[in-house]
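Data block below; observations after.
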Amino acid sequence: MGTLYLVRHGQASFGSDDYDRLSDLGARQCERLGEYFRTRGIVFDGAITGTLQRHRESFEALARGLQAAPGALAMPGLNEYDSAAIVRTVHPQPLPPARNADEVRQHFRLLRQGLLAWMDGSARPEGMPSFAAFRDGIVAALDHVRANYEGHVLVVSSGGPIATAVAHVLDAPPATIVELNMRMRNSALSELTFTPRRHALVTFNTLPHLVGADPGWVTHT
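The sequence shown begins at 235 in our numbering and counts up one residue at a time.
So, in structure tokens, the structure goes:
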């Protein structure tokens, strides 16, 4: 039986002109997770990431903490949905960058509405696949792990794909994906065991590497 470690990327640059890059804190979060794995003697037989910059930078920071990591296979099926395109399905007018708590809450209210519409097929965000195709890319990554590995496997991705993977394993409805996604923290760790036939959930959205850290290290963006 193997163990699949699903890691959400570190804090990215929410509200900036380029969200798809880690903040300094995001890099430290992931490096600390790599140190956590190293001190527990976890050696990875394989690693998979999405193709986004924040995925690559998160893996690089993890590798620094591990001090030894396998080369990572990049799979586009592990990339995040386009949140701006999702939001435009329910709020076509441009939204200014979220600069305060009220604007952040508004963004996530609209995102929740748009996600549910995308998932039930009543909205088709511009430039995005259907939700069924999005989910198929994530399931393909899970299938790849079961077919090719037996030990510890690391996946670095985003909240949407990880929530979708967990919901798939639990056979949960789309609304559950949204709730899981909205609670995902940066650099959070979710664990699945796997055999050639199936995955099973062990933990979700944990931060063992940040126990005792300053509360400011716990972020959601």
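Glycine is no exception: its CB is placed at the ideal position from the N, C-alpha and C atoms.
- Take the alpha-carbon of residue 344 and the one of residue 364: they are about 19 Å apart.
- Under the 10 Å beta carbon count, residue 413 is surrounded by fewer than 16 other beta carbons and is classified as exposed.
- In the assembly as shown, residue 265 is a buried residue. Its beta-carbon has 16 or more other beta-carbons within 10 Å.
- A direct Cα-Cα distance of roughly 8 Å separates residue 370 from residue 311.
- Fully contained in the stretch 289 to 316 are the following beta strand (DSSP E) runs of length 3 or more, in chain order: 306 to 308.
- By the CB criterion at 9 Å, residue 281 and residue 259 fall outside the cutoff.
- Within the same chain, 303, 304, 386, 387, 388 come within 7 Å of residue 278 by CB-CB distance, once the 5 residues on both sides are set aside.
- Between residue 289 and residue 373, the CB-CB gap reaches or exceeds 9 Å.
- The DSSP assignment places complete beta strand (DSSP E) segments of no fewer than 3 residues inside the stretch 337 to 395 at 386 to 391, in order along the chain.
- Bounds of any beta strand (DSSP E) do not take in residue 255, whose DSSP letter is neither H nor E.
- Here DSSP, grouped into helix, strand and coil, assigns residue 415 to helix.
- If you look at residue 242, you'll find it in the beta strand (DSSP E) that goes 236 to 242.
- Non-local C-beta neighbours of residue 293 in its own chain, meaning closer than 6 Å and more than five positions away in sequence, comprise 283, 306, 390, ordered along the chain.
- Counting the other Cβ atoms within 10 Å of the Cβ of residue 420 gives 16 or more, which makes it buried.
- Straight-line spacing of the CA atoms in residue 382 and residue 428 works out to 11 Å.
- In chain order, 254, 313 place their CB closer than 6 Å to the CB of residue 286, counting only its own chain and leaving out the 5 sequence neighbours on each side.
- Around the C-beta of residue 327, fewer than 16 other C-beta atoms lie within 10 Å, and the residue is accordingly described as exposed.
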